[in-house]
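See structure below.
Protein chains: 2
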Amino acid sequence: MATLKVPEVVPSPTEDSERLRKAFQGLGTDEDGIIWILGHRNVSQRKKIRDTYQQLYNESLIERLNSELSGDFRNAVIRWMCDPPERDAKLANDALNARQKGIKQLQVLVEIACASSPHHLMSVRHAYCLLFDCSLEEDIVSSVSQPLRKFLVGLVSSYRYDKGAVDLEAASSEAATLHEAIKSKQLDHDHVVWILCTRNFFQLRATFACYRQTYSNLIEEDIMKCGNGDLQSLLKVVIWCINSPEKHFATVVRDSIIGLGTDEDSLTRAIVTRAEIDMLKVRTEYAYMFKSKLDDAVIGDTSGDYKDFLMTLLGARM
Amino acid sequence: MATLKVPEVVPSPTEDSERLRKAFQGLGTDEDGIIWILGHRNVSQRKKIRDTYQQLYNESLIERLNSELSGDFRNAVIRWMCDPPERDAKLANDALNARQKGIKQLQVLVEIACASSPHHLMSVRHAYCLLFDCSLEEDIVSSVSQPLRKFLVGLVSSYRYDKGAVDLEAASSEAATLHEAIKSKQLDHDHVVWILCTRNFFQLRATFACYRQTYSNLIEEDIMKCGNGDLQSLLKVVIWCINSPEKHFATVVRDSIIGLGTDEDSLTRAIVTRAEIDMLKVRTEYAYMFKSKLDDAVIGDTSGDYKDFLMTLLGARM
Numbered sequence: 001m002a003t004l005k006v007p008e009v010v011p012s013p014t015e016d017s018e019r020l021r022k023a024f025q026g027l028g029t030d031e032d033g034i035i036w037i038l039g040h041r042n043v044s045q046r047k048k049i050r051d052t053y054q055q056l057y058n059e060s061l062i063e064r065l066n067s068e069l070s071g072d073f074r075n076a077v078i079r080w081m082c083d084p085p086e087r088d089a090k091l092a093n094d095a096l097n098a099r100q101k102g103i104k105q106l107q108v109l110v111e112i113a114c115a116s117s118p119h120h121l122m123s124v125r126h127a128y129c130l131l132f133d134c135s136l137e138e139d140i141v142s143s144v145s146q147p148l149r150k151f152l153v154g155l156v157s158s159y160r161y162d163k164g165a166v167d168l169e170a171a172s173s174e175a176a177t178l179h180e181a182i183k184s185k186q187l188d189h190d191h192v193v194w195i196l197c198t199r200n201f202f203q204l205r206a207t208f209a210c211y212r213q214t215y216s217n218l219i220e221e222d223i224m225k226c227g228n229g230d231l232q233s234l235l236k237v238v239i240w241c242i243n244s245p246e247k248h249f250a251t252v253v254r255d256s257i258i259g260l261g262t263d264e265d266s267l268t269r270a271i272v273t274r275a276e277i278d279m280l281k282v283r284t285e286y287a288y289m290f291k292s293k294l295d296d297a298v299i300g301d302t303s304g305d306y307k308d309f310l311m312t313l314l315g316a317r318m
Numbered sequence: 319m320a321t322l323k324v325p326e327v328v329p330s331p332t333e334d335s336e337r338l339r340k341a342f343q344g345l346g347t348d349e350d351g352i353i354w355i356l357g358h359r360n361v362s363q364r365k366k367i368r369d370t371y372q373q374l375y376n377e378s379l380i381e382r383l384n385s386e387l388s389g390d391f392r393n394a395v396i397r398w399m400c401d402p403p404e405r406d407a408k409l410a411n412d413a414l415n416a417r418q419k420g421i422k423q424l425q426v427l428v429e430i431a432c433a434s435s436p437h438h439l440m441s442v443r444h445a446y447c448l449l450f451d452c453s454l455e456e457d458i459v460s461s462v463s464q465p466l467r468k469f470l471v472g473l474v475s476s477y478r479y480d481k482g483a484v485d486l487e488a489a490s491s492e493a494a495t496l497h498e499a500i501k502s503k504q505l506d507h508d509h510v511v512w513i514l515c516t517r518n519f520f521q522l523r524a525t526f527a528c529y530r531q532t533y534s535n536l537i538e539e540d541i542m543k544c545g546n547g548d549l550q551s552l553l554k555v556v557i558w559c560i561n562s563p564e565k566h567f568a569t570v571v572r573d574s575i576i577g578l579g580t581d582e583d584s585l586t587r588a589i590v591t592r593a594e595i596d597m598l599k600v601r602t603e604y605a606y607m608f609k610s611k612l613d614d615a616v617i618g619d620t621s622g623d624y625k626d627f628l629m630t631l632l633g634a635r636m
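Residue numbers (the numbering used here), protein chains in the order written: chain A, 1 to 318; chain B, 319 to 636.
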């Protein structure tokens with residue numbers, strides 16, 4: 001379900017490194033060449049290019065890209081070239097250090113905790129410790145206030161069972177627990193935290209389905225009627241990231257382009273982090289939700305190398 | 319600080335496997351031979367023996383030991399031969415499935431979370447998922463009641479920064495937060511959970527030292543005056559496991575032998591899990607706390623192969 005397109009015959013990491021080196025040299029940088037190579041390589045191929053480039057030229061490819069490129073194009077290429085756990089650790093840290101820490105920023109933590117694998121989340125926590133000399137959860141405790149804090153600490157601390165074991169009886173009883181909390185507008189009840197932060201994703205999807213069946217409403221719609229401000233928005237992101245990440249990321253793209261100006265950070269994040277995972281589904285969902293094309297939205301709101309790079313990741317340029 | 323003694327020249331895993339095979343064959347089992355070999359090998363040597371034995375004889379060494387040995391001796395040898403993360407995952411599961419779930423059982427979870435490395439704790443959580451088809455924290459939520467539940471979920475979910483970064487200002491302010499919670503007998507306050515479950519061990523030791531300096535008492539002594547039953551006992555174990563695990567394990571050994579009968583499970587756990595880590599310190603602490611020798615206590619309360627095996631791990635038999 002990726003939009004990333006990798007050529008059938010992939011050049012060796014040495015060939016790619018040599019071409020990149022050439023693209024950096026001489027007067028001006030050959031941005032097209034860089035997009036052509038890096039925008040058509042998957043995560044393990046990019047890692048090999050990084051390693052090979054370092055060995056061949058005794059310099060960091062990422063640092064070189066950083067000095068050769070600029071603006072949103074640079075940010076996008078560098079996010080794309082980082083190892084995913086390190087990239088996400090940096091995204092999490094940026095969110096926690098943002099001047100404003102609303103849902104728009106904090107949802108990044110939910111994406112990492114709920115829209116990727118338990119193993120990836122652990123690697124992000126490990127990378128976070130290495131990069132920032134403290135744990136991710138310590139930084140959440142010191143920079144996010146209640147009641148979001150306890151959910152975010154719980155979500156990023158989870159190490160969920162990652163196979164499809166579903167206990168239908170538990171799903172039914174936990175749907176009732178969630179319904180009770182929603183009815184009494186106690187979204188921050190510890191039981192809600194435990195259910196959302198410890199159950200495996202398959203189990204939670206069954207619980208949400210059970211909720212809909214029993215109470216005839218989508219759980220996220222009932223949550224949004226609680227009048228609980230930021231918390232209800234956060235929980236909606238949690239439920240979407242678990243249940244249908246494509247809905248969430250379609251909305252991230254949409255929010256980044258509507259209104260005056262573009263939120264390039266969010267747009268870059270959505271495309272860079274999902275191009276190899278489920279961007280095809282995100283594109284379909286976008287069309288369904290917003291009755292327009294995601295690709296047109298990106299083309300309309302971006303320009304130059306930045307646009308070309310995003311469109312390459314979206315599979316539109318081969 | 320280990321009591322385990324490994325010979326200067328260690329036989330190859332193949333030689334060890336062949337000797338073990340011989341010890342199993344014929345009429346009756348050669349328990350002395352088994353103790354002699356396995357009781358003098360460290361964790362990586364034991365892993366190699368397990369792998370080599372499996373390759374040579376196409377049977378699991380642990381299953382063979384299980385069928386050859388019996389009673390407390392068998393339990394101790396098998397705990398010793400398991401990979402440590404798997405062993406601890408099983409210990410945690412036993413604790414959560416015990417009919418009675420008091421501090422005596424639940425402290426095992428604290429030992430795993432607070433008296434071993436963050437990396438080991440992660441490996442235990444991974445092993446738990448593989449062995450029991452659900453996460454460790456899910457089982458805690460479903461089988462432990464409040465207020466212990468929220469501490470245990472927080473403790474086992476931690477992935478603490480593992481280098482010695484200490485922020486003295488934070489230590490002082492968090493010592494004050496802990497003091498406030500103790501004074502108002504609100505040990506289960508979320509702030510107490512966050513401090514104990516997210517801060518790195520070096521930081522927490524500084525916080526406890528700061529507490530002592532500012533309030534002229536050991537924090538665990540003040541906690542024990544809160545009249546908070548099981549929670550105060552659990553928090554004392556948390557503080558000891560972080561601050562001075564040797565005190566905790568000396569007490570586990572002591573509690574396992576005093577009174578009528580012996581609690582072999584606890585005695586085995588303390589010696590098997592710490593023989594390679596800090597058993598020398600536990601022995602010294604035991605002498606200091608109880609004015610008697612740990613080795614004498616073990617000799618007095620155990621017998622036969624079980625005694626010989628434990629004493630081998632304690633370094634008394636070479």
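Where is the CB? At the ideal position from N, CA and C, for every residue including glycine.
Got a sec? Which residues, its chain only, sit under 8 angstroms from residue i by beta carbon, not counting five neighbours each side?
i: A:Glu276; result: Ala2, Leu4, Asn42, Val43
i: A:Lys307; result: Val298, Ile299
i: A:Asn66; result: Arg74, Ile78
i: A:Ala287; result: Lys293, Leu294
i: A:Ser158; result: Ala113, Pro118, Leu121, Cys197, Thr198
i: B:Ile421; result: Asp548, Ser551, Leu552, Val555
i: B:Arg478; result: Pro436, Thr516, Arg517, Asn518, Phe519
Can you give me the Cβ contacts of residue i inside the same chain, cut-off strictly under 6 angstroms, excluding the 5 residues immediately before and after it?
i: A:Leu280; result: Met1, Thr3
i: B:Gln425; result: Val555
i: A:Trp240; result: Lys247, His248
i: B:Ser584; result: Val570, Ser574
i: B:Thr347; result: Glu386
i: A:Arg50; result: Leu61
i: A:Asp305; result: Glu31, Phe73
i: B:Gln521; result: Val484
i: B:Glu603; result: Glu564, Lys565, Ala568
i: A:Cys114; result: Val238, Cys241, Ile242
i: B:Thr525; result: Ala489, Glu492, Ala493
i: B:Tyr371; result: Ser335, Leu379
i: B:Thr332; result: Thr370
How would you label residue i, buried or exposed, when you count the other beta carbons within 10 angstroms and need 16 or more for buried?
i: A:Gly39; result: buried
i: B:His444; result: buried
i: B:Asp451; result: exposed
i: B:Ser463; result: exposed
i: A:Ala165; result: exposed
i: A:Arg99; result: exposed
i: A:Ile258; result: exposed
i: A:Glu138; result: buried
i: B:Gln423; result: buried
i: A:Asn200; result: buried
i: B:Val510; result: buried
i: B:Pro465; result: buried
i: B:Asp596; result: buried
i: B:Asp412; result: exposed
i: B:Asp406; result: buried
i: B:Glu381; result: exposed
Could you name the residues of the same chain whose beta carbon sits closer than 7 angstroms to that of residue i, not counting the 5 residues immediately before and after it, in chain order?
i: A:Cys129; result: Ser135
i: A:Arg274; result: Phe249, Val282
i: A:Asp301; result: Ile257, Thr262
i: B:Phe627; result: Ile353, Gly357, Phe391, Ala394, Val395
i: B:Leu486; result: Ala524
i: B:Cys528; result: Ala489, Ser490, Ala493
| task | Indicate whether the contact test is met: 3 or more Cβ pairs, each with one atom in the stretch 151 to 158 of chain A and one in the stretch 194 to 212 of chain A, closer than 8 angstroms. | result | yes
| Counting Cβ pairs closer than 8 angstroms, one from the stretch 20 to 39 of chain A and one from the stretch 72 to 82 of chain A, do we hit at least three? | Between the stretch 20 to 39 of chain A and the stretch 72 to 82 of chain A there are three or more C-beta pairs closer than 8 angstroms, enough to call the two in contact.
| Touching by the beta-carbon criterion (3+ pairs, under 8 angstroms), the stretch 495 to 504 of chain B and the stretch 527 to 538 of chain B | yes
| Curious, which full-length beta strand (DSSP E) runs of at least 3 residues does the stretch 571 to 606 of chain B contain? | none
| Which residue spans inside the stretch 110 to 180 of chain A form an unbroken beta strand (DSSP E) run of at least 3? | none
| Of all the alpha helix (DSSP H) runs that stay within the bounds of the stretch 498 to 539 of chain B, which reach a length of 4 or more residues? | 508 to 516, 519 to 533
| field | Uninterrupted alpha helix (DSSP H) stretches inside the stretch 15 to 69 of chain A (no shorter than 4 residues) | value | 31 to 38, 43 to 57, 61 to 68
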